[in-house]
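For reference, the structure discussed in these notes is given below.
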Amino acid sequence: MDDNLKIKMYAFTVNCREPYELAKFYAALLRWEIPFHDENWACAAAPGTEQGGDPGIMFQRNPEYVPPIWPEEPHAQQQMAHLDFAVNDLEKAVEHAVRCGATIAEKQFSDDWRVMLDPSGHSFCLCQMKSLMESAHFALL
Numbered sequence: 008m009d010d011n012l013k014i015k016m017y018a019f020t021v022n023c024r025e026p027y028e029l030a031k032f033y034a035a036l037l038r039w040e041i042p043f044h045d046e047n048w049a050c051a052a053a054p055g056t057e058q059g060g061d062p063g064i065m066f067q068r069n070p071e072y073v074p075p076i077w078p079e080e081p082h083a084q085q086q087m088a089h090l091d092f093a094v095n096d097l098e099k100a101v102e103h104a105v106r107c108g109a110t111i112a113e114k115q116f117s118d119d120w121r122v123m124l125d126p127s128g129h130s131f132c133l134c135q136m137k138s139l140m141e142s143a144h145f146a147l148l
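Yeah, the sequence shown ends on 148 if you go by the numbering used here, and it's all consecutive.
Take a look at the structure:
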């Protein structure tokens with residue numbers, strides 16, 4: 008590999024019908040900000056960052072977006088990825104996510120995390136990781 012080549016994560020991009028609305032959900036969930044939005048794009052990022060300054064979550068308008076089915080079912084729209092969030096108090100994090108507009112998925116597989124659905128139907132997980140959250144090496148709080 009060329010030593011001059013630099014690759015850094017810029018964003019994780021999520022398709023949806025209403026980018027700004029979904030960005031507002033994730034900004035509320037994570038206590039982040041929205042440094043940029045227009046009709047087709049929105050970005051949620053850690054407080055004080057400028058778009059592109061640190062990795063964030065981008066939301067891209069796709070008028071044909073179909074929410075995935077979770078858990079997966081044959082011949083149904085499949086999820087392609089999901090976000091995992093470390094939390095220090097699982098029950099409080101679930102309550103917060105629900106207040107922000109998430110729903111708890113009907114099917115759960117562990118007592119250590121909760122599968123949630125955002126307002127557009129994307130699944131994400133709240134993972135009980137108190138030791139990670141308290142680590143000096145954990146970023147993007």
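Backbone N, C-alpha and C fix where the C-beta goes; we use that ideal spot for every residue, glycine too.
Between the CA atoms of residue j and residue i - distance to the nearest angstrom
i, j, result
"Cys-134", "Val-73", "26 Å"
"Tyr-33", "Val-101", "14 Å"
"Ala-112", "Leu-36", "17 Å"
"Phe-66", "Asn-95", "26 Å"
"Tyr-27", "Ala-143", "32 Å"
"Gln-84", "Val-21", "15 Å"
"Leu-139", "His-129", "24 Å"
"Lys-137", "Ser-127", "28 Å"
In DSSP terms, what residue i is bridged to
i, result
"Thr-20", "Met-65"
"His-44", "Ala-49"
Beta-carbon spacing of residue i, residue j below 8 Å
i, j, result
"Asp-61", "Ala-52", "yes"
"Ile-64", "Phe-19", "yes"
"Pro-42", "Thr-56", "yes"
"Pro-54", "Glu-40", "yes"
"Phe-131", "His-103", "no"
"Asn-47", "Arg-24", "no"
"Gln-115", "Arg-121", "yes"
"Asp-91", "Ala-109", "no"
Residue i burial status per 10 Å Cβ neighbour count (16 or more: buried)
i, result
"Leu-29", "buried"
"Met-123", "buried"
"Lys-31", "buried"
"His-82", "exposed"
"Ala-49", "buried"
(message) Please give me, in chain order, every unbroken run of the alpha helix (DSSP H) with length at least 4 that falls completely inside the region 87–141.
(response) 97–107, 137–140
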